[in-house]
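Structure first, then comments.
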Amino acid sequence: MIKRLKITNTHGLTITDLRIQEKQESNAFFRTRIMAVRLVMQGKLGKEAAEICGIHRQSVSEYVKRFNEGGMDLLLQRKMAPGCACFLTDDQQQALKESILTSTLTDQGLGSAVSWTTPVIREYLRRTYDVEMSTTGVLRMLWRLKLSYTRPTYTLKKADPKKQRMFRHQITLIRKNC
Numbered sequence: 002m003i004k005r006l007k008i009t010n011t012h013g014l015t016i017t018d019l020r021i022q023e024k025q026e027s028n029a030f031f032r033t034r035i036m037a038v039r040l041v042m043q044g045k046l047g048k049e050a051a052e053i054c055g056i057h058r059q060s061v062s063e064y065v066k067r068f069n070e071g072g073m074d075l076l077l078q079r080k081m082a083p084g085c086a087c088f089l090t091d092d093q094q095q096a097l098k099e100s101i102l103t104s105t106l107t108d109q110g111l112g113s114a115v116s117w118t119t120p121v122i123r124e125y126l127r128r129t130y131d132v133e134m135s136t137t138g139v140l141r142m143l144w145r146l147k148l149s150y151t152r153p154t155y156t157l158k159k160a161d162p163k164k165q166r167m168f169r170h171q172i173t174l175i176r177k178n179c
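According to my numbering, the sequence shown holds residues 2 to 179 in order.
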């Protein structure tokens, strides 16, 4: 015979209190947990509460157990998976951020490109820290470091068209010779 679920410690909460908290909860996941505990408190079987909430009966049992142990705090606690460890330490990430913000690619020996792109950052990480990261991983790390990945869209007002033409001509000559 299946043992009936029982609320052993109400933590001073009544069925009405749980119903009010259930209505105030904006997260549907947590609202379901509160509803399951409330239904058991009203005398429903775990199987019936699970059917009403649309969850497995073991989940109802787990929610009741959590509520009995720690009340609403433990019931609404949700642990997230930590994810995989970072490729770079915090110090290395700060050093990377400092390099991106204060140095040029030429200073770092990464060519004559104008801006730090993800392929360039990946190459820098490979050379400096012997770390291989995906493009998406680099973009996420830049976001965590509060660096935005943008392209310049401005034009210089004081730009001299004659000097720009000369520069373009010199660049084409350099590219032909390389």
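Ideal Cβ placement from N, Cα and C applies to all residues, glycine included. The structure presented is a predicted model; accordingly, all values stated were derived computationally and were not measured.
Option nearest residue i by Cα separation, candidates the options
i: A86; options: V121, F168, G138 and K4; result: G138
i: K48; options: I175, V65, M36 and V61; result: V61
i: V115; options: I101, S27 and L146; result: I101
i: C54; options: E23, G84 and P83; result: E23
i: D108; options: Y125, T119 and D92; result: Y125
i: M142; options: Q95, M167 and Q43; result: Q95
i: R145; options: E52, G112 and L97; result: L97
Beta-carbon separation (whole angstroms), residue i vs residue j, contact threshold 8 Å
i: L89; j: V132; result: 6 Å
i: V38; j: L19; result: 6 Å
i: T136; j: R127; result: Contact flag wrong, Cβ pair sits at about 13 Å.
i: Y150; j: L140; result: 6 Å
Whole beta strand (DSSP E) elements within the region 51 to 126, 3-residue minimum: none
Does the region 69 to 80 come into contact with the region 23 to 34, if we say contact requires no fewer than three beta-carbon pairs (one atom in each stretch) closer than 8 Å? yes
I want to know whether the region 64 to 71 touches the region 6 to 22 - three or more CB-CB distances under 8 Å. yes
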